[in-house]
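**Student:** For reference, the structure I am asking about is given below.
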Amino acid sequence: MKTIDQISFAGKRALIRVDFNVPLDKNYTITDDNRMTAALPTIKKILKDGGAVILMSHLGRPKGGPEEKYSLKHIVPHLADLLGQQIEFADDCIGEDALAKSKALGKGEVLLLENLRFHKEEEQGDKDFAEKLSKLGDVYVNDAFGTAHRAHASTAIIAQFFPNAKYFGYLMAGELANAEKVLNGAAKPFTAIMGGAKVSDKIELIEKLLDKVDNLIIGGGMAYTFAKAQGGNIGKSLVEADKLDLALSLVRKAKEKGVNLLLPADSIIADNFSNDANTDVAKNDNIKDGWMGLDIGPESIAAFSKVVEESKTILWNGPMGVFEMEKFESGTKAIAEAVVRATENGAFSLIGGGDSAAAVAKFNFTDDVSYVSTGGGALLEYMEGKELPGVKAIND
Ligand code: AMP
């Protein structure tokens, strides 16, 4: 793997694609800076070598032009705090000002470029735009795992302008090594915990995992599609009516492959999608009309926790319920606790990004699991066996 450990950056300008797509509140305060701290080891190594750093990222979903709320200038003060030094800012990621500022950088200095997605060419993977960006650095480093599944200008296309000077940053290298460890080097028993809203988002991964895991736990909204397919009454729980056959075929496949498939036996049900709703406990196949399952119930928690605690490798993607609401967080929290206990007993636990990472962070377990991925979609695609454009571009 071509990583930044293979060169010294002394006297070089490193153009680093980072994923600083952090959540900001309405006062532009960063509410979770994980993605920034995750990129610090790479930045610090390059600065320590005596290189200069040019950081480029996207933020939010601008419509192809500048928008105040998506300006990366809002994160400059926090980045300066994290690095303990002044940060230069260019208010366009390409053009004369960015070029002049990148050339003027001395060793150990840092320049942050304005949001890449203020140019629609970024997401289009435009080659000319990528070439303009490439002028800003001598070496290209990709440390943005969260966008590695996109063939955007800054994540993939740009690499062709650095045929002999392109490297993975530490975050990318770590993400790939940990995903690989779970996918191809898992100690047994290997348990995958799948949750979240929809089964349709995760079918490919579930199918792939059936060849790898000993136990497959399914919770969250997606479990009700299975309950309905098996003839249960699920009230007005979340369901994908066109995926009932698929759910049954996954159950069948699990059996054929000898995978222990665990579906929730019970749920916390509510008469409303709200933290103020009336709640009750019900069997998953017998949810009252007009009520919906919003979390796994106590029986499910006990059964899932037991399997998790006996595992040596754990992959978790997707919450067990609507953990954002206090009334429906217990299932996700209990499973997180089981993952922590398994980790304490020597298991390797990989938490998929997105909502699973948010849940683990909410319960303050981030430091108690083996690895929390910064990539939601990217990790899913990698695990499904797809080649990520951002990875391929460096490897080619
Ligand atoms: P995903 O992005 O597919 O991992 O889905 C995560 C979302 O699923 C979270 O926002 C949860 O609130 C939601 N979710 C989990 N369980 C349920 C459920 N039983 N009913 C509705 N939404 C759910």
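Going by my numbering, the letters in the sequence shown line up with residues 155 to 550, in that order.
Even glycine gets a Cβ: it sits at the ideal position worked out from N, Cα and C.
#1: Can the beta-carbon of residue 260 be found less than 8 Å from the beta-carbon of residue 168?
#2: Are there 16 or more other CB atoms within 10 angstroms of the CB of residue 541, so buried, or fewer, so exposed?
#3: Per the DSSP calculation, residue 295 is bridged to which residue(s)?
#4: Taking contact to mean at least 3 C-beta pairs separated by less than 8 Å, is the segment 507-524 in contact with the segment 484-498?
#5: Provide the residue(s) that pair with residue 470 in DSSP beta bridges, ordered along the chain.
#6: When the Cα of residue 227 is compared with those of 217, 211 and 215, which residue comes out closest?
#7: According to DSSP, is residue 460 part of a helix, a strand, or is it coil?
#8: Mind checking which residues open and close the beta strand (DSSP E) that includes residue 243?
#9: From the DSSP output, read off the bridge partner residues of residue 396.
#10: Is it true that the CB of residue 519 sits closer than 8 Å to the CB of residue 494?
#11: Would you say residue 165 reaches chain D, if we count a Cβ-Cβ gap shorter than 8 Å as a contact?
#12: Taking just the CA atoms, how far does residue 186 sit from residue 480?
#13: If you check the beta carbons only, do residue 370 and residue 415 fall under 8 Å apart?
#14: Should residue 106 be counted as a contact of the ligand AMP given a C-beta to heavy atom distance under 7 Å?
#15: What's the call for residue 269, buried or exposed, on a 16-neighbour Cβ count within 10 Å?
#16: Buried or exposed: where does residue 380 fall if 16 or more other Cβ atoms within 10 Å of its Cβ makes it buried?
#17: Rounded to the nearest angstrom, what separates residue 522 and residue 498 at their Cα positions?
#18: Using alpha carbons as the reference points, say which of 253, 427, 235 and 419 lies closest to residue 482.
#19: If you run the structure through DSSP and keep just helix, strand and coil, what is residue 549?
#20: Out of 500, 407, 326 and 284, state which residue places its alpha-carbon closest to the alpha-carbon of residue 299.
#21: Between the C-alpha atoms of residue 544 and residue 333, what's the straight-line distance to the nearest angstrom?
#22: Would you mind listing the beta strand (DSSP E) stretches within the segment 198-231 that are 3+ residues and don't spill past its ends, in chain order?
#23: Considering only residues of the same chain and omitting the five flanking positions on each side of residue 387, which have a CB-CB separation below 7 Å?
#24: With distance defined between alpha-carbon atoms, name the residue in 517, 349, 524 and 508 nearest to residue 301.
#25: May I ask you to check if the CB of residue 532 is nearer than 7 Å to at least one heavy atom of the ligand AMP?
#26: Quick one: residues in its chain with C-beta nearer than 6 Å to the C-beta of residue 534, no 5 flanking neighbours on either side, listed in chain order?
#27: Can you give the Cα-Cα distance for residue 458 and residue 392, rounded to whole angstroms?
#28: Under the assumption that residue 264 contacts residue 248 (Cβ atoms under 8 Å), give the Cβ distance between them as a whole number of angstroms.
#29: Measure how close the beta-carbons of residue 374 and residue 340 come, nearest whole angstrom, since I'm counting them as under 8 Å.
#30: Measure from the alpha carbon of residue 274 to the alpha carbon of each residue in 345, 246, 289 and 296, then state which is nearest.
#31: Can you list, in chain order, the residues of its chain whose CB lies under 6 Å from that of residue 335, leaving out five sequence neighbours each side?
#32: Would you mind sorting residue 181 into buried or exposed? The rule is 16 or more other CB atoms within 10 Å of its CB.
#33: By the 10 Å Cβ neighbour count, where 16 or more other Cβ atoms means buried, how is residue 329 classified, buried or exposed?
#34: If the criterion is Cβ atoms closer than 8 Å, does the pair residue 418 and residue 383 meet it?
#35: Name the two residues that bound the continuous beta strand (DSSP E) containing residue 413.
#36: Are the segment 274-286 and the segment 309-317 touching by the rule of at least three beta carbon pairs closer than 8 Å?
**Tutor:** In terms of the structure at hand:
#1: Numbered from 1 along the sequence shown, position 106 holds the residue referred to as residue 260. Numbered from 1 along the sequence shown, position 14 holds the residue referred to as residue 168. No, these two residues do not count as a Cβ contact at 8 Å.
#2: Reading the sequence shown from its first residue, position 387 is the one you call residue 541. Looking at its Cβ environment, which holds fewer than 16 other Cβ atoms inside 10 Å, residue 541 is exposed.
#3: Start at 1 with the first residue of the sequence shown, and residue 295 comes out as number 141. Per DSSP, 170 and 321.
#4: yes
#5: For the purposes of this step, residue 470 is identified with residue 316 of the sequence shown, where counting begins at 1. DSSP output for residue 470 lists 347 and 505 as bridge partner(s).
#6: Taking the sequence shown and counting its residues from 1, one reaches residue 227 at position 73. When only C-alpha atoms are compared, the closest one is 211.
#7: Here residue 460 corresponds to residue number 306 of the sequence shown, with the count starting at 1. Note: residue 460 maps to helix in three-state DSSP.
#8: In the sequence shown, residue 243 corresponds to position 89, counting from 1. From DSSP, the beta strand (DSSP E) with residue 243 extends over 241-244.
#9: Taking the sequence shown and counting its residues from 1, one reaches residue 396 at position 242. Residue 396 is not bridged by DSSP to any residue.
#10: Locating residue 494 in the sequence shown gives position 340, counting from the first residue. Locating residue 519 in the sequence shown gives position 365, counting from the first residue. The answer is yes: Cβ separation under 8 Å.
#11: Among the protein chains of the structure shown there is no chain D, as only one such chain exists.
#12: Locating residue 480 in the sequence shown gives position 326, where the first residue counts as 1. Locating residue 186 in the sequence shown gives position 32, where the first residue counts as 1. Each residue's Cα considered, the two are about 19 Å apart.
#13: For this step, residue 370 is matched to residue 216 along the sequence shown. For this step, residue 415 is matched to residue 261 along the sequence shown. Cβ distance < 8 Å, so residue 370 and residue 415 count as in contact.
#14: This structure gives no information on residue 106, because the portion of the chain shown stretches from 155 to 550.
#15: Reading the sequence shown from its first residue, position 115 is the one you call residue 269. It is buried - the Cβ of residue 269 has at least 16 other Cβ atoms within 10 Å.
#16: Position 226 of the sequence shown, counting from 1, holds the residue named residue 380. Burial state of residue 380 is buried, judged by a 10 Å Cβ sphere holding 16 or more other Cβ atoms.
#17: One-based indexing of the sequence shown puts residue 522 at position 368. One-based indexing of the sequence shown puts residue 498 at position 344. Their Cα atoms are separated by approximately 8 Å.
#18: For the purposes of this step, residue 482 is identified with residue 328 of the sequence shown, where counting begins at 1. The shortest C-alpha separation from residue 482 is found at 427.
#19: Here the question's residue 549 lines up with position 395 in the sequence shown. Residue 549: helix per DSSP, three-state reduction.
#20: For this step, residue 299 is matched to residue 145 along the sequence shown. When each option's Cα is compared against that of residue 299, the closest is 326.
#21: Taking the sequence shown and counting its residues from 1, one reaches residue 544 at position 390. Taking the sequence shown and counting its residues from 1, one reaches residue 333 at position 179. Between residue 544 and residue 333, the C-alpha separation is close to 15 Å.
#22: Qualifying beta strand (DSSP E) stretches, in chain order: 206-210.
#23: On the sequence shown, position 233 is the one that residue 387 refers to. Only 439, 440 and 441 meet the Cβ criterion.
#24: Counting from 1 along the sequence shown, the entry for residue 301 is found at position 147. It is 508 whose Cα lies nearest to the Cα of residue 301.
#25: As a first step, residue 532 must be located in the sequence shown, where it is residue number 378. Every heavy atom of the ligand AMP is 7 Å or more from the Cβ of residue 532, so no.
#26: Here residue 534 refers to the residue found at position 380 when the sequence shown is read from its first residue. So the qualifying residues of the chain are 359.
#27: Here residue 458 corresponds to residue number 304 of the sequence shown, with the count starting at 1. Here residue 392 corresponds to residue number 238 of the sequence shown, with the count starting at 1. Between the C-alpha atoms of residue 458 and residue 392 there is a straight-line separation of about 21 Å.
#28: For the purposes of this step, residue 264 is taken as the residue at position 110 of the sequence shown. For the purposes of this step, residue 248 is taken as the residue at position 94 of the sequence shown. About 18 Å separates the two Cβ atoms, so there is no contact after all.
#29: Counting from 1 along the sequence shown, the entry for residue 374 is found at position 220. Counting from 1 along the sequence shown, the entry for residue 340 is found at position 186. That pair is no contact at about 22 Å.
#30: Here residue 274 refers to the residue found at position 120 of the sequence shown. For residue 274, the nearest C-alpha among the options comes from 246.
#31: Looking up residue 335 in the sequence shown gives position 181. So the list is empty, once near-sequence residues are dropped.
#32: Within the sequence shown, residue 181 is the residue found at index 27, counting from 1. Residue environment analysis places residue 181 among the exposed positions, since fewer than 16 neighbouring C-beta atoms fall within 10 angstroms of its C-beta.
#33: Along the sequence shown, one-based indexing puts residue 329 at 175. Its Cβ being crowded by 16 or more others within 10 Å, residue 329 is buried.
#34: Within the sequence shown, residue 418 is the residue found at index 264, counting from 1. Within the sequence shown, residue 383 is the residue found at index 229, counting from 1. For residue 418 and residue 383, no; Cβs fall outside 8 Å.
#35: On the sequence shown, position 259 is the one that residue 413 refers to. Residue 413 -> no beta strand (DSSP E), and no H or E assigned at all.
#36: yes
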